[in-house]
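Asker:
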Amino acid sequence: MFSKSLKTAMAATLVLTSGAGSVAANDLGAALVGGLIGGAIVNEVHRNRRTTTRRTTTSRNYSAARAQNRETQTSLNYFGFPAGTADGVMGRKSRSAISQYQVYMGFPATGQLTTYERDFLVSSYSRAQIGGPQVIKAMQGGKGVRGLLHTWRDEATGGHGGSGYAGMPIEVSQAVDEIAASAEPSAEQLLQRSGFIHLADLNGDGKNDYMIDTSVSGSSFWCGASHCSVMVFASTPQGYQRNDFMARGVTTADFSCHQGTCRMTEATQLASVAPSTTAPVQNGTVMATAPAPTAVAPAPTTELVAAAPPTPTQPLGGIQLFAAPAAPAPMLSLASHCSKLSLLTGSNGGYMTEASMTDPELALGEQFCLARSYAINSGEGMVAKLNGVTQAQVDSQCDAFGPAVQPFLAKLDSHSSEALVAEVQKFILQSNMSIDQLANTAGICLFSGYRRDNMDVALGAALLMVGIGQKPYAELVGHHLSQGFGVTRATSQAQDWYGLALRALDGGAEPVFAPGQPERIGLIKMAAAQLGGSALVEPVPATASRALLPSFTSD
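Residues 1287 to 1841 in our numbering are what the sequence shown lists, from first letter to last.
1) So who's on the other strand from A1696, going by DSSP bridges?
2) If you follow the alpha helix (DSSP H) that A1478 is in, where does it begin and where does it stop?
3) Can you say whether T1437 is buried or exposed, counting buried as having 16 or more other CB atoms within 10 angstroms of its CB?
4) Between which two residues does the alpha helix (DSSP H) holding R1738 run?
5) Within the chosen definition, does the region 1484-1502 reach the region 1535-1543 through at least 3 CB pairs nearer than 8 Å?
6) Are the CB atoms of Y1637 and E1652 nearer to each other than 7 Å?
7) Skipping 5 residues on each side, what residues in its chain have a beta carbon closer than 7 Å to that of M1391?
8) Under a three-way DSSP split, which group does L1529 fall into?
9) Between the alpha carbons of R1549 and S1480, how many angstroms are there, rounded?
10) DSSP state of M1497, grouped into three classes?
11) Among E1464, Q1388, Y1736, Q1354, whose alpha-carbon lies nearest the alpha-carbon of A1372?
12) Considering L1762, what are the terminal residues of the alpha helix (DSSP H) in which it resides?
13) May I have the straight-line CA-CA distance separating P1455 from S1619, to the nearest angstrom?
14) Kindly indicate which three-state DSSP category G1570 falls into: helix, strand or coil?
15) Report the residue from Q1677, Q1386, T1358 whose alpha carbon sits nearest the alpha carbon of F1406.
16) Looking at E1640 and L1809, is the spacing between their C-beta atoms short of 7 Å?
17) Hey, S1380 and A1369: beta-carbon distance below 7 Å or not?
18) Quick one: Cα of Q1415 to Cα of S1664, how far?
19) Could you check whether I1498 and A1466 sit closer than 7 Å to each other, using their CB atoms as the reference points?
20) Tell me, please, which residues DSSP counts as bridged to S1515.
21) Quick test of your reading: A1520 and C1543, contact by CB under 8 Å. State the CB separation rounded to the nearest angstrom.
22) Can you give me the C-alpha to C-alpha distance between I1795 and D1742, rounded to a whole angstrom?
23) What is the rounded straight-line gap between the Cα of L1590 and the Cα of N1529?
24) Measuring alpha carbon to alpha carbon, tell me which residue in K1493, N1494, G1492, S1515 is nearest S1501.
25) Since L1750 contacts G1772 with CB under 8 Å, what's their CB separation in whole angstroms?
26) Beta-carbon within less than 8 Å of E1805's beta-carbon, same chain only, minus the 5 sequence neighbours each way: which residues are those?
27) With 16 other CB atoms within 10 Å as the buried threshold, where does G1525 fall?
28) Thinking C-alpha only, which one of H1701, V1798, F1799 is nearest W1783?
29) For E1709 and Q1716, I'd like the C-alpha separation in whole angstroms.
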């Protein structure tokens, strides 16, 4: 809990705060203090105050080794190898569970995990927390979630079997081979390229569908003068059906599918590969079709009309054609991105390490998705304690974060972390909310934001966490800035926020993501330093104006 002197300082600052500033901050207070989550959380905090204090005391005696052991025990229990209570003590029951796991996986049954055996176990547990069709299917199968270990082990061995690369459908893998045959990168290298494969459920059957963008391959074979081949694979009871388009800069949001047949949803969709208005089948591939034209007019004619200035008799023709490229790009889906990354992580045999890192952006992407899954799991547990509050009510309440913190989100790609944290702290002091309430609400809204792919909510919650002194959460802000989710990519600002989190962890702050993997701190430090070829931002000494701001730390 916070000291009396800190509370006194906060009260004094509140008295000195200008009325104009408090009006903006009260938007958050009005949205949350009197709301469902606010009231429920405050009651829950008071009810569990003794428990919270006990956790704080335990954190002082934090042991990386015991945290690793707890993570191992949790993973063993999840996959059905009973290790008992996850207390960090590897006793007889834990060693027996390890032996069962080793026998199941075909490893020597020693009762002691090798580095690879443990990494595979824990990374599989983290991957399972992301969910997805594979996890759902495993839960419904005879082996339960334990069957995922064999599935992901087989993926990691590479090559083709009943499925393709990294567990992808064989139809998709065959297309990858087809593209690789005409391009310099190998199939494995293509799968590593960002933007090559996109995943989404396009036909609403609960299964992943796939989109391949051949422009990423770098091969002129698949591209025309201005557009490249885009392959969309939709799931059907008989397998995956391929649809071909010519386009550029599209995402899965630009397509919709009915069973195995897909079409572009944009009003400015391009002509399909198939010349006819029907959908002929060639070698098992459905050639996607555009809407039937009212007159025979080849694409070059349309381009000439678009290039000419619009006349008064046709005021909309030119505007529509020229407005489409200027339209804002579709919002990227972090959930879809993490689903794709999980496939790549499995095909690579586990998460990148300092020794194996070859792509800093991919390494940070893996850690982003891992941190996201921890935030979702933590927030889900907090929501479960809110009696009488539905998930819809939680989401509605958390949506108040969006407009309330939008002024800060707009400055992420242009302001330093120190300057922005100072503004967030002033905002917190003017919000008329307790620190406990902010911390618990921010934790819940991290879960709500990431679960629904609402980046404003997730980023706003992460900023509030940093503002109340939980600086390891600055890692999330760094990930958003380096990967471009919910904010414009900004390498130097991303390094600044990574640096803020890493300095806090180096100074003894308790890790909030994957506490049993202390080695990830060094990995993030190395990967962040290599972004854009520049070093991490060094801390700037605080100015005199910062002296009035409190430092929100726990006793």
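Cβ coordinates follow ideal geometry from the N, Cα and C atoms, glycine included.
Answerer: Taking the geometry as given:
1) In DSSP, A1696 forms no bridge with anything.
2) Correcting the residue identity first, residue 1478 is Gln in this sequence and not Ala. 1473-1478 is the span of the alpha helix (DSSP H), which, as asked, contains Q1478.
3) buried
4) 1721-1738
5) Here the region 1484-1502 lies against the region 1535-1543, with 3 or more beta-carbon pairs under 8 Å apart.
6) yes
7) L1435, R1439
8) At residue 1529 the sequence reads Asn, which differs from the Leu that was named. If DSSP states are grouped into helix, strand and coil, N1529 belongs with the strands.
9) 24 Å
10) strand
11) Q1354
12) 1760-1769
13) 22 Å
14) Low local confidence applies: a pLDDT of 44 at G1570 is under 50, so the model's placement there is unreliable, with the coordinate-based value given in what follows. Here G1570 sits in coil by DSSP.
15) T1358
16) yes
17) yes
18) 11 Å
19) no
20) M1532
21) 4 Å
22) It should be noted that the sequence gives Ala, not Ile, for residue 1795. Cα to Cα, the separation comes out at about 26 Å.
23) Residue placement at L1590 is poorly supported in this model, since its pLDDT is 36, which falls under 50; the coordinates still yield a value, given next. Cα to Cα, L1590 sits roughly 28 Å from N1529.
24) S1515
25) With a Cβ gap of about 15 Å, L1750 and G1772 do not count as contacting.
26) So the qualifying residues of the chain are T1639, E1640.
27) exposed
28) H1701
29) 11 Å
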